[in-house]
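To start, the structure itself, in structure tokens.
There are 2 protein chains.
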Amino acid sequence: MAKEVTSREENYSLWYNNLVVKADLAENSAVRGCMVIKPYGYAIWEKIQHQLDTMFKETGHQNAYFPLFIPKSFLSKEADHVEGFAKECAVVTHHRLKNNPDGSGVIVDPEAKLEEELIVRPTSETIIWNTYRNWIKSYRDLPILCNQWANVVRWEMRTRLFLRTAEFLWQEGHTAHATAQEAIEETEKMVNVYADFARNYMALPVVVGKKTESERFAGAIDTLCIEAMMQDGKALQAGTSHFLGQNFAKAFDVQFANKEGKLDYVWATSWGVSTRLMGALIMAHSDNNGLVLPPALAPIQVVMVPIYKGEEELKMMVEKMEEIKNELKPYGISVKIDDRDNVRSGFKFAEWELKGVPVRVVMGKRDLENGVVEIARRDTCEKSSVAREGIAEYIKNLLDEIQKNIYAKALNFREEHTVKVDTWEEFKEKIEEGGFLLCHWDGTAETEAKIKEETKATIRCIPLDSHVEIEEGTCVYSGKPSKQRVIFARAY
Amino acid sequence: MAKEVTSREENYSLWYNNLVVKADLAENSAVRGCMVIKPYGYAIWEKIQHQLDTMFKETGHQNAYFPLFIPKSFLSKEADHVEGFAKECAVVTHHRLKNNPDGSGVIVDPEAKLEEELIVRPTSETIIWNTYRNWIKSYRDLPILCNQWANVVRWEMRTRLFLRTAEFLWQEGHTAHATAQEAIEETEKMVNVYADFARNYMALPVVVGKKTESERFAGAIDTLCIEAMMQDGKALQAGTSHFLGQNFAKAFDVQFANKEGKLDYVWATSWGVSTRLMGALIMAHSDNNGLVLPPALAPIQVVMVPIYKGEEELKMMVEKMEEIKNELKPYGISVKIDDRDNVRSGFKFAEWELKGVPVRVVMGKRDLENGVVEIARRDTCEKSSVAREGIAEYIKNLLDEIQKNIYAKALNFREEHTVKVDTWEEFKEKIEEGGFLLCHWDGTAETEAKIKEETKATIRCIPLDSHVEIEEGTCVYSGKPSKQRVIFARAY
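Top to bottom, those sequences are chains F and H. Here this note's numbering is used: the first residue of the first sequence is 22, the next is one more, and so on. Here this note's numbering is used: the first residue of the second sequence is 22, the next is one more, and so on.
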């Protein structure tokens with residue numbers, strides 16, 4: 022292969038980084054912790070955005086846009102919130118540069134100091150709730166169902182492409198409601214939209230659950246999440262939906278007159294997914310040959326590679342491939358014909374494998390004579406000879422099958438790496454093997470902290486869906502009573 | 022009308038601001054110069070984005086994403102560029118807040134000072150060309166045709182919603198080419214894409230032209246632009262496309278091996294339009310009743326208002342309206358049925374007029390009996406009774422007609438306010454009336470500066486399209502020879 026990728030077994034972390042860079046998804050920039058998302062990576066992100074945006078609009082949400090900057094004083098208004106974000110803020114202090122009198126370039130103009138420092142948004146609850154105060158007077162103004170697609174900055178010390186970067190792209194929904202019940206329903210609705218998207222588009226099996234108090238969003242009453250398992254057995258939080266209670270309404274004095282004419286504080290939710298999903302997508306499905314993209318999110322779903330001798334044959338093959346491309350168009354299938362004449366077909370095969378294109382169609386002179394094409398599927402790496410006639414429908418069905426198979430494979434992996442653990446000895450042994458440990462927990466932050474300290478494992482969530490049956494038991498660490506098993510794992 | 026708008030004649034500037042705020046497009050935020058784009062305004066921006074993005078992709082461009090932050094030293098590498106942007110930069114100097122020991126909130130942690138300050142991008146040439154250095158080795162890597170949708174910050178002192186804000190949303194294309202010729206062709210291609218979009222979607226007649234040296238983008242060899250006329254006769258620059266020569270390739274040492282194997286610097290272009298287009302859209306077409314949106318960019322193209330007595334009738338009307346809505350669906354026409362029972366229909370009429378919805382359909386019991394509906398078009402404010410049968414096709418055609426009429430109206434206005442001026446006395450008189458003055462100019466920056474000083478008029482562009490015939494003459498100010506007329510105007 023032209024660009025070699027370190028194997029998963031050899032060094033999982035290097036394998037991941039290699040994939041991201043060599044498949045042209047993203048790279049580190051000259052700015053610490055900030056990435057460049059390259060066109061191929063961005064095309065996947067656009068597909069993610071487009072589908073999620075459709076689902077948000079179908080559930081009644083509208084997009085809006087709020088300022089990049091947050092006055093420092095706003096951040097302080099909700100105590101838990103500032104505690105959670107103060108340590109990783111990019112702070113704007115000046116608004117002008119000037120020429121250095123010594124001629125060495127530009128320097129910050131000390132006379133252009135801002136009266137109040139501005140924080141580059143790490144999340145937008147504060148600026149948005151400060152805005153909502155002017156939008157909400159009565160119950161008739163509710164609910165407000167806004168989403169924004171934006172960039173945010175959290176000054177992380179250790180960064181990894183897509184998984185943890187100083188700047189990342191995301192969407193953040195911020196809704197306002199007249200009752201706690203309605204806000205709770207919204208929180209649940211949106212975590213389920215995320216789960217639906219992860220399962221059906223990313224081919225990613227996820228557990229829907231609730232975070233423990235210590236893992237909650239800073240300022241939330243409850244945080245719901247979707248958790249996925251990566252191929253090294255580690256957990257990855259792929260999306261969160263927060264019930265914020267009246268915390269931000271109180272911090273920013275957002276009150277409304279209810280139907281009875283009485284003033285009450287507004288109830289809030291917020292929910293988000295980010296370019297971190299790209300990391301989950303890559304880690305969950307890829308192999309040592311490169312990316313394995315689920316057809317639903319692949320920018321190129323079918324690549325066609327002609328086998329030929331001489332210009333004449335190339336031209337003929339490309340013509341035949343254009344015909345197939347046209348037959349695929351009505352199905353909305355995106356096709357790339359790789360007609361480059363300066364690289365060998367073996368190089369092309371490896372490159373498109375690396376880039377995770379779900380289906381490869383190869384056609385040579387003999388195939389043409391026999392009325393067949395060669396089809397290779399990326400998920401299983403199987404090749405087969407298929408009749409040219411009816412090829413469009415065949416490929417359509419194959420893409421559906423690949424989508425399902427990638428999901429099934431990931432689900433199977435998760436099930437194989439999920440175990441019920443009932444003793445502390447077993448816990449310490451099993452956690453080293455990776456995977457999800459289903460354990461009883463006594464419900465205290467103290468026990469949770471001790472387990473984390475001793476094993477680096479955290480409670481990923483208290484499962485909410487039918488994945489785990491509800492059964493009582495005793496805490497794997499303290500032996501105290503427990504109402505249901507929770508998921509412990511090491512995590513990204 | 023529920024929300025009164027100051028009239029255009031009374032105070033043009035206040036009229037504009039009123040419209041933006043009262044039609045729920047945008048508002049000022051708590052952060053100086055930064056706006057909140059509200060859902061209705063953002064829905065228009067999404068339509069603009071979607072159409073432009075389609076046109077960029079049709080012309081071979083791909084989207085990517087580059088960092089928000091630019092190291093201070095990068096900005097200094099291109100001399101004209103830093104000169105142009107240094108005075109209006111948001112500068113990040115620290116990466117952490119901490120609790121104030123006096124308990125009064127959070128303060129910037131002096132120990133978290135960045136080694137090198139970061140500038141919030143005012144435009145991305147520098148960070149992008151620093152990245153391109155690693156992407157380009159040979160002519161085979163060219164052209165690179167990237168675009169990004171992003172937010173940028175320019176610390177403007179006087180801001181106005183959409184027209185000039187500290188933070189704004191835009192797209193910036195950045196392309197890299199092997200030859201000057203190819204880069205020049207790209208520059209021209211993209212300014213024509215902008216002109217095409219402005220004319221056919223925004224219904225905005227624009228002049229395509231070239232900027233004079235003093236109005237050029239900081240770091241460009243040539244700046245092409247589209248210029249539109251607003252209803253107060255002022256010019257508005259609606260989009261620019263820059264031929265950057267090898268300036269940025271030299272500043273960031275981006276060289277490639279050409280077909281002959283020799284090293285050469287890469288040729289560059291950049292081009293952008295921003296949320297300023299929203300300002301142009303509003304100012305060009307709106308009237309004293311509110312917005313007038315061209316159907317191609319209206320989030321709601323048809324609003325239906327039932328006239329009824331009692332719940333029973335309301336239900337029946339809404340049912341009938343749902344039928345019409347379904348008939349409009351195949352045409353891709355977006356419809357809103359306003360079934361609110363807590364406001365009068367007069368209030369609804371005024372509200373949807375304010376929001377610029379192109380077509381209003383009204384239906385009462387008598388209309389139903391007579392097999393007609395009442396149609397009001399927003400552009401002319403005309404009402405007519407139209408047969409219910411075949412209404413979908415009627416509306417489809419009406420929307421097309423409205424789109425054309427809005428363009429024709431704006432074109433007519435521009436033509437009425439464009440005059441050839443040949444003497445300095447006439448210039449000083451006419452410039453007070455607003456509009457475009459077509460004048461001969463001697464080609465010197467000195468004359469240009471003097472005219473600006475004396476009249477506040479600038480050269481909007483040297484027209485490139487057939488709008489103005491090429492004829493020689495003598496400069497309106499200096500009397501020196503001139504090769505063609507240019508457009509002078511006061512501008513936003």
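Virtual Cβ for every residue (Gly too), placed ideally from N, Cα, C.
Problem - Distance CB(H:V323)-CB(H:V382) smaller than 8 Å - result: yes
Handout entry: Interface flag, F:A85 vs chain H, CB-CB below 8 Å
Key = yes
Exercise for the section: Please list the partners that F:W176 has in chain H, where partner means a Cβ-to-Cβ separation under 9 Å. Expected result: Ordered by position in chain H, the residues that pass the 9 Å Cβ test against F:W176 are H116, R117 and A133.
Practice task
Give every residue of the same chain whose Cβ lies closer than 8 Å to the Cβ of F:S503, excluding the five residues on either side of it in the sequence, and list them in chain order.
Solution key: H461, W462, D463, G464, E493, G494, T495 and C496
Problem - Option in H:L245, H:P315, H:R506 and H:G367 with minimal Cα separation from H:K441 - result: H:R506
Exercise for the section: Use the C-beta contact count for F:E31: other C-beta atoms within 10 angstroms, 16 or more gives buried, fewer gives exposed. Expected result: exposed
Handout entry: F:T261 - containing beta strand (DSSP E), residue span
Key = Run containing F:T261: A256 to G266, per the beta strand (DSSP E) assignment.
Practice task
Taking H:P92 as the query, report the chain F residues whose CB atoms sit under 8 Å from its CB, ordered along the chain.
Solution key: A51 and V52
Problem - Residue from F:E99, F:I412, F:D308 and F:N363 whose Cα sits closest to the Cα of F:I345 - result: F:I412
Practice task
Determine, using beta carbons only, whether F:T152 comes closer than 8 Å to chain H.
Solution key: Using a Cβ-Cβ cut-off of 8 Å, F:T152 counts as an interface residue toward chain H, since at least one Cβ of chain H sits closer than that to its own.
Practice task
Could you tell me which chain H residues have their CB closer than 8 Å to the CB of F:N268, listed as they occur along the chain?
Solution key: The contact set of F:N268 on chain H, defined by CB atoms closer than 8 Å, is empty, because the minimum CB distance reaches about 17 Å.
Problem - Contact list for H:A111 against chain F, beta-carbon separation under 7 Å - result: Near H:A111 (Cβ distances below 7 Å), the residues of chain F are V113 and H116.
Problem - Cβ contact (3+ pairs, closer than 8 Å) linking the region 111-125 of chain H and the region 79-88 of chain F - result: no
Problem - Through-space distance from H:I205 to H:L35, alpha-carbon basis - result: 41 Å
Practice task
Taking the CB atoms as reference points, tell me whether F:S295 and F:L139 lie closer together than 8 Å.
Solution key: Not in contact: F:S295 and F:L139 (Cβ atoms no closer than 8 Å).
Practice task
Alpha carbon to alpha carbon, how far is F:L182 from F:M76? Give it in angstroms, no decimals.
Solution key: 27 Å
Problem - Buried/exposed call for H:Q202, threshold 16 Cβ in 10 Å - result: exposed
Exercise for the section: Give a yes or no on whether 8 Å exceeds the smallest Cβ distance from H:E372 to chain F. Expected result: no
Problem - Stretch pair the region 288-304 of chain H + the region 62-76 of chain H: three plus CB contacts closer than 8 Å - result: Counting Cβ pairs under 8 Å, three or more are found: they touch.
Problem - 8 Å Cβ cutoff, H:Y63 in contact with chain F - result: yes
Handout entry: H:I128: CB within 7 Å of a non-hydrogen atom of the ligand ZN
Key = Among the components modelled here there is no ligand, and therefore nothing to report on the ligand ZN.
Handout entry: H:L380 and H:I358 closer than 8 Å at C-beta
Key = Per the sequence shown, the amino acid found at residue 380 of chain H is Val instead of Leu. Their beta carbons are not under 8 Å apart, which means H:V380 does not touch H:I358 by this criterion.
Practice task
Measure the CB-CB distance between H:E33 and H:D217 and report whether it falls below 8 Å.
Solution key: Sequence inspection shows Tyr at residue 33 of chain H; the Glu mentioned does not correspond to that position. For H:Y33 and H:D217, no; Cβs fall outside 8 Å.
Exercise for the section: Take the Cβ of F:D400 as the centre, count every other Cβ of all protein chains shown within 10 Å, and call the residue buried at 16 or more, exposed below. Expected result: buried
Handout entry: Alpha-carbon spacing of F:E458 relative to F:M250, whole angstroms
Key = In the sequence as displayed, the identity of residue 458 of chain F is Leu instead of Glu. Using only the alpha carbons, I get a separation of about 12 Å.
Exercise for the section: Would you identify the three-state DSSP class for H:A23, choosing helix, strand or coil? Expected result: Model confidence at H:A23 stands at a pLDDT of 46, short of 50, so the residue's coordinates are unreliable and nothing is read from them.
Exercise for the section: Only counting runs of 4 or more residues, tell me where the alpha helix (DSSP H) segments fall wholly within the region 423-500 of chain F, in order along the chain. Expected result: 445-452 and 466-476
Practice task
Identify whether H:L139 lies in helix, strand or coil by the three-state DSSP scheme.
Solution key: strand
Practice task
Could you tell me which chain H residues have their CB closer than 8 Å to the CB of F:A107, listed as they occur along the chain?
Solution key: R117, L118, K119, N120 and V127
Exercise for the section: Can you give me, in chain order, the residues of the region 394-409 of chain H that have a beta carbon less than 9 Å from any beta carbon in chain F? Expected result: none
Handout entry: Closer than 8 Å to chain H by CB, F:I242
Key = no
Handout entry: Length of the line joining the Cα atoms of H:L389 and H:K336
Key = 13 Å
Practice task
Could you tell me whether the Cβ of H:N39 comes closer than 8 Å to any Cβ of chain F?
Solution key: No, H:N39 lies away from the interface with chain F (no Cβ there is under 8 Å from its Cβ).
Exercise for the section: Could you please give the first and the last residue of the uninterrupted beta strand (DSSP E) stretch that includes H:I345? Expected result: Not the beta strand (DSSP E): H:I345 falls in the alpha helix (DSSP H), residues G331 to L349.
Problem - H:N309 versus H:H195, H:T244, H:E372 and H:K451, residue with shortest Cα-Cα distance - result: H:E372
Handout entry: 3-residue-minimum beta strand (DSSP E) runs that sit fully inside the region 156-184 of chain H, ordered along the chain
Key = 165-174
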